Amino acid sequence: MTNDSTTFIDEIEAAVNDLSTPGRLEQILDEFLPKVTIFLINIVFALLILFIGRKIIKFLLKWLNRSFEKTNMDISVCKFLDSLIKAIFYAILILILADIVGVPTTSFVAFVGSAGLALGLAWQGSLSNFAGGILILLLKPFKVGDYIIEDSQKNEGVVGTIDLFYTKLYTTDNKVIIIPNGSLANSSLTNVTAQNMRRIDFKVGISYQADIKKAKELLYHILNSRENIIKEKDIIVYVDELGESAVILGFRAWTGTENYWKERWSILEEVKEVFDANGVEIPYNQLDVHIQK
């Protein structure tokens, strides 16, 4: 321990003696000061290029987005391309900054390639999500604004954005669900709003003592009198089942996709009111007990 301390002190003394040599300090400053000055100038220049580069990238992205809008490109593709082009622009900017600072570009690219390979092995799931995003944009099972239901986890909502790796859904109660693109591309889903029309299916039970024909006529009248029901499509009323406590009537009609829930709720309310006004009973579950003497 004493020998190590002595050696370290000797080294310090040798360095001090070297600096105390006449002209040695000036020689060191003459050697390193230009290099430090050039490095600082490069740093300042790199910061300036970074500032200007970010402004140019923002301008180019705005110009590209305006070009996408003029061509009426699908909004999902626009957002995906915006994210991809933005990543490419910033990668180029980083290469330029590295060259200005003095990092050899070939070495930097080799380092990035090695790091990319390592990250690719570590982020296999992310690469799967990236590939899934490309498949979604090419095959278009859904687009921004569609209401979808993910069949595996039963997540559902309006598609807000389709990014490089994830898709955001906005639920009816204003929550945000983020789903990996790989999961969406490799599992089944239901696109509720893909078509401009939806069929509304109902079932209602009436008592066995009720007049079936009268009940069916009332249901026909309700559906035919509604403005948002599409009259060109079939309106069907039928006996679906003879249940234990009621005769189950089924009825169906078509409406615009945007009117589906409003019409469904309103029709059910009107059925109850019309049945009550016309003496058509909607029974409770019943059980007849026969006592044998």
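FYI, this note's numbering numbers position 184 of the sequence shown as 201, with every residue one higher than the one before it. Note that the Cβ used here is the ideal one computed from N, Cα and C, for glycine as well. Here the structure is a predicted model, which is why all the values come from computation and not from measurement.
Residue burial classification, residue i (beta-carbon count within 10 angstroms, cutoff 16)
| i | result |
| --- | --- |
| K279 | exposed |
| K248 | exposed |
| G260 | exposed |
| Y301 | exposed |
| V297 | buried |
| K250 | exposed |
| L57 | exposed |
| G149 | buried |
| W282 | exposed |
| Y164 | buried |
| N295 | exposed |
| K75 | exposed |
| I153 | buried |
| L77 | exposed |
| T54 | exposed |
| E275 | exposed |
| L146 | The amino acid occupying residue 146 in the given sequence is Asn; Leu does not appear at that position. Buried. |
Nearest to residue i (by Cα), restricted to the options the options
| i | options | result |
| --- | --- | --- |
| P158 | S204, V118, I194 | S204 |
| E208 | Q309, S262, K171, E234 | The sequence given here places Asn at residue 208; Glu does not occur at that position. For N208, the nearest C-alpha among the options comes from K171. |
| A263 | L235, Y255, Q226 | Q226 |
| K96 | G70, L181, Y164 | L181 |
| D228 | E167, T274, K160, I299 | I299 |
| G222 | D116, K87, I265 | I265 |
| E327 | L155, N82, I60, Y237 | The displayed coordinates of the chain run from 18 to 310. Any statement about residue 327 would go beyond what the structure contains. |
| K72 | N82, L98, Y107 | Y107 |
| G11 | K87, R83, I105 | There is simply no residue 11 to check, as the chain begins at 18 and stops at 310 in what is shown. |
| L64 | I308, T184, L110, H307 | L110 |
| I66 | G162, V193, N82, L112 | L112 |
| K160 | K87, K185, I194 | K185 |
Bridge-paired residues (DSSP) for residue i
| i | result |
| --- | --- |
| K6 | Examination of residue 6 is not possible in this model, given that the chain is present from 18 through 310 alone. |
| P300 | Per DSSP, none; premise fails for P300. |
| N208 | I165 |
| E258 | I265 |
| I246 | T272 |
| T178 | K185 |
| E173 | I166 |
| V61 | DSSP, once it has assigned bridges, lists no residue as partnering V61. |
Other residues of its chain near residue i: CB distance less than 6 Å, five sequence neighbours each side excluded
| i | result |
| --- | --- |
| G267 | K220, Y255, D257 |
| F85 | C95 |
| T188 | G174 |
| D311 | With the chain running from 18 to 310 in the structure shown, residue 311 is simply not present. |
| I166 | E173, T207 |
Residues near residue i in its chain [Cβ-Cβ closer than 7 Å; skip 5 each side]
| i | result |
| --- | --- |
| V291 | L235, I239 |
| D305 | none |
Nonlocal neighbours in the same chain, by C-beta distance under 8 Å from residue i, ignoring five residues either side
| i | result |
| --- | --- |
| D293 | none |
| I217 | R269, A270, W271, T272, Y277, E280, R281, I284 |
| L101 | L181 |
| I60 | V118 |
| G162 | I92, V175, V176, T210 |
**OP:** Tell me, please, whether the stretch 159-177 touches the stretch 237-255 by the rule of three or more beta-carbon pairs shorter than 8 Å.
**Re:** Segments in contact, no.
Original post:
Are the stretch 213-221 and the stretch 188-199 in contact at 8 Å, needing three or more beta carbon pairs?
Top reply: No, because fewer than three Cβ pairs between the stretch 213-221 and the stretch 188-199 fall closer than 8 Å, the two stretches do not touch.
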